[in-house]
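In the working numbering, the protein residues as written are 115 to 552.
Just so it is clear, CB atoms sit at the ideal spot from N, CA and C, and this is done for glycine as well.
Owing to the predicted nature of the structure, the values given are computational and were not obtained by experimental measurement.
Here's the structure we're looking at; comments come further down.
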Ligand code: PMP
């Protein structure tokens, strides 16, 4: 049976490569036509055939408050009425930078003195690594296998997200000399980092790490790991870039870093990257950090970065409204909703006799068809991933939209109420049986 989604997918593939504007949307690893979405509200999305789903993708993270939160939409509408883009500084940008710097705080620790706004997470990490190189005068970068930091040349080696879903080693089109500037190390393995510094110590500009890995499924950092990375970087004159594009303002008011500070793991990254929630669903991302490092950016310093649409007034309005509404109670609601779904998921898979683990990093969680929480990319890949497609489609048939890859986190929002959660929980037993039979 074909429906409007199938028709649109056929049409899309004639004019858009693979029919999508970002690879994982194509349902490549689960099969079938992606749902072309027409609208979204609260915890629900509606497809082109008029069918509604409880959404556990949340636009891959931004929709912390739920879709089309009325105050956020009104803020964007009001901003639009004053002009779509100026290419000049605005008062809103200053407020948003102050809000970000003021939230990423833990006691006396205030690691964000300056903030620059950009349009995507890719730009934020790309700029952060250029800045780290310009500031230190060194070229090499350490990244970890299975971590995704956007699609700039130097960051695609052994990357997570769509690169993991499509089982690619990296990307064609990245010149070998550029790829050679990135040292890819196994995650959660401090001896690998020590060894890299022992061999290349005075040539390493920075370590970039996802605050908690969530682009190869969820693979939390081992206790003390992020703090040890900061120590290792600093003792060798390198910087630590904490990539909070996905986790920032999603798992805690002060990001995953804030959550770790609260739990007693104290460390100071030199640079942070933010995206997703910080733009409230509009194209906006940011980098922030220590004044002396950030002031190496043009026009103060010699590291160039720019953008016609940087700090776009509609995006800034959405970000400001979202962060102002993201109170501690919102995080409590998201945590509770995530626990309800994660526990029901584990329970349903237990009953169906499916080998699984549900790794968590704050309110982020994922599903892996293996019996232990993975700690590395190799372990994340070592699972019965073929069970995901039938599981995913059983949920979709029951009106629940999951990320179309086992290598992605599930996202809850503050709008997932009893009714929406009930639909998810009610759909799980049948999907778990479908996974068992695969
Ligand atoms: N860093 C991380 C940790 C991410 O999860 C992502 C996107 N999922 C990015 C960077 C890139 O962000 P964007 O897609 O906005 O370019």
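Those residues which DSSP pairs with residue i across a bridge
i, result
"residue 417", "411"
"residue 241", "Answer is none; residue 241 lacks a bridge partner."
"residue 158", "155 and 168"
"residue 402", "229 and 386"
"residue 318", "254"
"residue 220", "223"
"residue 190", "BP columns for residue 190 are empty, so no partner."
"residue 323", "356"
"residue 515", "169"
"residue 524", "479"
"residue 299", "258"
"residue 333", "327"
"residue 471", "482"
For residue j and residue i, the rounded distance between their alpha carbons
i, j, result
"residue 476", "residue 490", "18 Å"
"residue 372", "residue 310", "28 Å"
"residue 147", "residue 212", "43 Å"
"residue 426", "residue 465", "49 Å"
"residue 346", "residue 294", "21 Å"
"residue 177", "residue 412", "32 Å"
"residue 164", "residue 228", "45 Å"
"residue 416", "residue 157", "45 Å"
"residue 474", "residue 317", "35 Å"
"residue 168", "residue 192", "29 Å"
"residue 252", "residue 550", "51 Å"
"residue 480", "residue 330", "9 Å"
"residue 356", "residue 282", "24 Å"
"residue 471", "residue 406", "43 Å"
"residue 432", "residue 365", "19 Å"
"residue 398", "residue 233", "4 Å"
"residue 360", "residue 207", "21 Å"
"residue 493", "residue 446", "31 Å"
"residue 179", "residue 171", "13 Å"
"residue 297", "residue 452", "35 Å"
"residue 343", "residue 128", "46 Å"
"residue 531", "residue 459", "17 Å"
"residue 134", "residue 269", "22 Å"
"residue 424", "residue 437", "18 Å"
"residue 199", "residue 290", "38 Å"
Near the ligand PMP: residue i beta-carbon under 7 Å from a heavy atom
i, result
"residue 239", "yes"
Where residue i sits in the DSSP three-state scheme
i, result
"residue 253", "coil"
"residue 210", "helix"
"residue 181", "strand"
"residue 139", "helix"
"residue 482", "strand"
"residue 275", "coil"
"residue 552", "coil"
"residue 360", "coil"
"residue 134", "coil"
"residue 106", "Limits of the chain in this structure are 115 at one end and 552 at the other, which puts residue 106 out of reach."
"residue 196", "coil"
"residue 441", "coil"
"residue 496", "coil"
"residue 304", "helix"
"residue 379", "coil"
"residue 150", "coil"
"residue 265", "coil"
"residue 350", "coil"
"residue 424", "coil"
"residue 103", "Outside the shown range of the chain (115 to 552) lies residue 103, about which nothing can therefore be said."
"residue 448", "helix"
"residue 270", "coil"
Heavy atom of the ligand COA within 7 Å of residue i beta-carbon
i, result
"residue 299", "As for the ligand COA, it is missing from this structure, which binds only the ligand PMP."
8 Å Cβ cutoff, residue i in contact with chain D
i, result
"residue 376", "Judged by its chain identifiers, the structure shown contains no chain D, having just a single protein chain."
### Query
Just the residues with CB closer than 5 Å to a heavy atom of the ligand PMP, in chain order, which are they?
234, 235, 236, 263, 264, 324, 357, 359, 360 and 389
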